[in-house]
Structures are given as structure tokens and as C-alpha cells.
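Take a look at the structure below.
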Amino acid sequence: MTEGLDLLDDIGLVLSVFILLFISYFHLRPGEDKRTWDRRMGASLVIWLLLYFVLRRMQTLVPTTGIDYLTADTVFISISGYASSLNFFYTHLFLMLLVPIPFLRKSWQIAALGIFVFIAIHIDRTAVAADADPFYNSMLTYVIIMAAVLVCFATGMRFLINPPAIDDKSVEALAMRRSGFFALGTIAVVMDNMIFRAIGFLAGTGNAWWTFPTVNYSGATAGYNYAMVTLAEMTFILGVFSFVMIAFGLGSIYHIIQSIRKKHPVSLATVFSGYLLFIWALIIFRHWAWVTGYATWDMSEMPMDANAEIITALSDGFSFHLIYPTIALLHAVKFGLITIESERDQKILRLVALCVMVAITAVFTTLLEVIIPIPDLVLAVVCGLVLATGWERHLIDALEPDEEMKTVSWAWPGNERAMTWGVNLMIGIPFVVKLLLGVVY
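In my numbering, the protein residues as written are 1072 to 1512.
And the structure:
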């Protein structure tokens, strides 16, 4: 069973690398670049996100690409930890606060956020160090992420509940559709396995409150004050996750009902709604499995039995190995972050669409094989049918940018070039440091 699930890691890694190369080619190819700064910035951030995912998967699959904690010097381990955290938090924060709507409007705001995140990472890492006194579970960086999620959530939820009419071509309507679409996709990428704690947070069960990173061990090690700090942080983090997931779940039901009644247009918001309802089905099933003992996980949410392995593959594995790379491709093409114009560009896009369809088929057949043993020949037959019937054409049509994706752009009040370079360096330097330390040590 484990061998079958391990195949998901390989599929996800290959798909992420392939989409990464595709986006990088169009983003970095020479020639006149007519894209606005927000499209160039969005493409860069999607590339950094994919690079982060690929590096993390490589360090899991090939341990020699990461630091050996038994032999590496403590200083280098610390530097690697800081670099990895900075790369992760900068990428996700800028995706939410710069691209759907440029919430950060001044260069000093970007710099201030960068410094604030670094300080938060330092506090979090210092609090849990082996020689820390007091020793408590500081989670400031996750609090920052959740605060940014609320900003992005407001944009996406407004669009989901009250989208403009499909025939409304006003600047306000086009801008709302563009920002709403992108915000919904960004939220889908930012969601991690903590979304499966939404019910546990409301019910007060251990699968929410006693799994990392939200474990309140501070009361026994650092006293009452630090226990309250940890409790406030974890309540905010889990509360925001639960609030966002419940609100999006209800909003998705409302949107689908309105779409059936033809009061809302069928669009990417409808696809997102269907995806959210599917995730909610997994949330309910995973919570039921944990409460009833049908499946067990440890405090790090690692599966402890066969049932937990299957459920983890259906939930975390499905999202990480298939949904995230596909959304990255959707963001890049649908929102005009990269330009697909010539016939040659269309052929390259078709090749990528074929690979995505094969990956989707492979993921579903792999999960099915774990539950119901089937011969590998079935995978080949299903993939052949998918390719023969031209399903990749439907994917290409869905990726075709709408009018608002091509025309609407956000003006930047300062030096766009300096801002673009600054953000890329803030994300890129920690990534390179993390990569080099992993290779050298």
C-alpha cells in the first residue's frame, strides 16, 4: 500500500517540475515584454512557489539534497531554517497581498513587512530552541499568514456571493472579476492540512488542538503567561481557518444554487465552489475517522495505520500533488501572467495540458488502486482514452483568459522595477541559501 501512495509523490514532483519549466520559459524568454508589473510579479511569485514545493519534495525523496542534522554544524542548520521560513512566508504573503489586489501600496510597507516577518521567525525559532528559557510554542508567523488570509478572503468572498453580471463590462466589474478569481485561487493554494481541523476546532477535539504546529505545551514549560500567549495565537490561527472554511463552504453552496437558478454566471467561481464542497466532504470524513478511531495519526499528523494512509492520500496528497500545481498553471495562463500568442505557444500549451490530464488520470487511478487493487494496465487504458477523446482541449479552453484578465491591471505608485527586483530578491536569496546549504552539507 505504501509503495502505491509513494507514487503520488513522484507524480506530483514530475507535474510540478513540468509546469515550473513551462511558466519559467514564457516568463523569462527574451524579447519585448509588454506585460504590466502585476503580471510579471504574479508570474515570479508562482515560479517561486513551485520552486519551494519542488525543493521540499526533493529533500523528502532524496535526503542528500537536505542538511544532515547529525553531522551539519548547528550554525548552518539555523541558517537553513531561517532561509526556508523566509522563503515560504514571503512567497505566500506576497501572493496574497500584491497580486489579487496590491494591498501593500508603498515600498516601505513591503520592507516593513519583510522585517516584521524576520523578527517573527526569530522569536518563533528562539522560543522553541533547545536552550530556550522560557520554552514555549510561539506561532507569530502563522498569525501573520492568517491575517493576510483574511485580506484575501474578503476579496474572494465578496466575488463569490455577489459577482457582477456577466454582461457588465464596466471597469469596476472587470476589476472585481479579476481580483475575485485570483483571490479564490490564491486561497486554495495557501490552504494546507490545517483545513482538516475546522470541525475539530469547533468541537474541541484533539485533532485540532493537540497536533503540530498548534500544540499548547507552554503551560507545563513556561508558566501561565506564555501559555496564554500560545493559546491566543493558536485560537486565532485555528479560528481563522475554521471561519474561512465555513464561510467559503456556505458561500459555495449559495453560489451553486444561484448558478442553477441562472442568477450567477457559471465560471471559475463555480469550479472553486465544487472544489470547496469536495474538500468539505473530506474534512467531515477525516474528522469522523479521527473521532471514531477508524484511522489514527500522531501529533505531527503522520498516518499510523493503513486507513490513515489512504485518507491522508485522499486529502493532503490529492491537494499537494495535483491541485497546487494545476492551480499554479491556471494562475499563470488564465490571469495573463504569461503571454500565449503564437501558434508555437499554443502547441507548447497543448503539450502541458496533455501532461496535466495524464497526471490527473494517474493520481485518481493510483488512489483507486490503493482502495481497490487493479492492474497497471488499467492506467494505460484510461490514459489512452483521455488523450484519444481530446479532454486536453477542454482544459485549454478553460485556461483561455477572459477580457478582464487581459485588460485590467493595478497601477503601482512607486518605482515598479525597483519593487519587482526587491520582492524577487527577498524571496530568492533565502531560497538560494537554503538550496546551497542542502547541496554542500
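Heads up, the beta-carbon is just placed ideally off N, CA and C, and yes, glycines get one too. If you're wondering where the values come from, they're calculated on a predicted model, not measured in any experiment.
In this structure, how does DSSP classify residue i when only helix, strand and coil are distinguished?
i	result
THR1044	No answer is possible for residue 1044: it lies beyond the span of the chain, which begins at 1072 and ends at 1512.
THR1341	helix
THR1282	strand
PRO1374	strand
ILE1502	Going by the sequence as given, residue 1502 is Phe instead of Ile. Note: PHE1502 maps to helix in three-state DSSP.
ALA1298	helix
MET1072	Confidence in MET1072 is poor, its pLDDT being 49 and thus under 50, which makes the residue's placement unreliable; the coordinate value appears in the next sentence. If DSSP states are grouped into helix, strand and coil, MET1072 belongs with coil.
ALA1259	helix
PHE1391	helix
PRO1396	helix
SER1241	coil
LYS1334	coil
LEU1175	coil
GLY1485	coil
ILE1354	helix
SER1250	helix
VAL1311	helix
ASN1495	helix
GLY1322	helix
GLU1414	helix
SER1209	coil
ILE1190	helix
PHE1267	helix
VAL1479	coil
Quick one: is residue i buried, meaning 16 or more other Cβ sit within 10 Å of its Cβ, or exposed?
i	result
PRO1101	exposed
GLU1304	buried
ALA1377	exposed
GLY1149	Looking at the sequence shown, residue 1149 is not Gly but Ser. Exposed, by the Cβ-count rule.
SER1087	buried
TYR1395	buried
MET1370	exposed
VAL1494	buried
ASN1233	exposed
ASP1204	exposed
GLY1277	exposed
LEU1141	Because the pLDDT of LEU1141 is 47, which lies under 50, any placement of that residue in the model is unreliable, and the number read from its coordinates should be weighed accordingly. Label assigned to LEU1141: exposed.
GLU1412	exposed
LEU1116	buried
ASP1238	exposed
LEU1164	buried
ASP1104	exposed
ARG1268	buried
LEU1221	exposed
MET1112	buried
MET1497	buried
LEU1309	buried
Taking the alpha carbon of residue i as the reference point, which residue from the options has its own alpha carbon closest?
i	options	result
SER1480	THR1107, ASP1081, PHE1097	THR1107
GLY1584	MET1476, MET1228, PHE1391	In the structure as shown, the chain begins at 1072 and stops at 1512. Residue 1584 is therefore absent and cannot be evaluated.
LEU1422	ASP1369, ILE1094, ARG1249, PHE1230	ILE1094
LEU1122	ILE1266, ILE1090, GLY1485, ALA1183	ILE1090
ASP1416	HIS1098, LEU1079, TYR1161	HIS1098
PHE1283	PRO1235, SER1250, TYR1213	TYR1213
LYS1240	GLY1509, ASP1473, ASN1495	ASP1473
LEU1348	GLY1185, MET1316, LEU1339	MET1316
PRO1484	ILE1215, TRP1119, LYS1177, MET1112	LYS1177
THR1285	LEU1221, ALA1340, LEU1302, ILE1118	LEU1302
PHE1435	GLU1412, LEU1420, HIS1392	HIS1392
THR1478	VAL1427, PHE1406, THR1432, LEU1425	PHE1406
THR1145	VAL1188, ASP1202, LEU1169	ASP1202
LEU1084	LEU1506, MET1476, CYS1426	CYS1426
ASP1468	VAL1404, GLU1414, TRP1368, ILE1498	VAL1404
MET1341	PRO1173, ILE1409, PHE1252, GLU1380	Looking at the sequence itself, residue 1341 is Thr, so the reference to Met does not match. Among PRO1173, ILE1409, PHE1252, GLU1380, the Cα nearest to that of THR1341 is on PHE1252.
LEU1420	ILE1431, LEU1401, THR1437	LEU1401
LEU1132	ASP1080, VAL1222, GLY1275	ASP1080
GLY1509	GLY1113, ILE1082, LEU1126	LEU1126
LEU1168	TYR1288, CYS1223, ARG1128, GLN1130	CYS1223
MET1428	THR1397, LEU1231, MET1129, SER1338	THR1397
ILE1409	TRP1179, ALA1114, LEU1339, LEU1092	ALA1114
Using a threshold of 7 angstroms, is the CB atom of residue i nearer than that to any non-hydrogen atom of the ligand ADP?
i	result
ILE1172	With respect to small molecules bound, the structure shown includes none, and the ligand ADP cannot be examined in it.
Closer than 8 angstroms, CB to CB, is residue i near chain D or not?
i	result
ILE1190	The structure shown contains no chain D, having only a single protein chain.
Suppose only complete runs of 4+ residues qualify. What are the alpha helix (DSSP H) ranges in the segment 1090 to 1159, listed by chain order? 1108 to 1132
Would the segment 1146 to 1166 and the segment 1491 to 1509 be scored as touching if the rule is three or more Cβ pairs under 8 angstroms? yes
Meets three-Cβ-pair contact criterion under 8 angstroms: the segment 1384 to 1404 and the segment 1359 to 1371: no
Pairs of beta-carbons, one from the segment 1246 to 1264 and one from the segment 1484 to 1498, closer than 8 angstroms: are there three or more? The segment 1246 to 1264 vs the segment 1484 to 1498: no contact.
Quick one: any contact between the segment 1292 to 1299 and the segment 1198 to 1210, if contact means 3 or more CB pairs under 8 angstroms? yes
Is it the case that the segment 1206 to 1222 contacts the segment 1183 to 1193, given that we only count it when at least three CB pairs across the two stretches are under 8 angstroms? Result yes; three or more Cβ-Cβ pairs closer than 8 angstroms.
For the pair the segment 1239 to 1257 and the segment 1323 to 1334, tell me if three or more CB-CB distances fall below 8 angstroms. Because the criterion of three Cβ pairs below 8 angstroms is not met, the segment 1239 to 1257 and the segment 1323 to 1334 do not touch.
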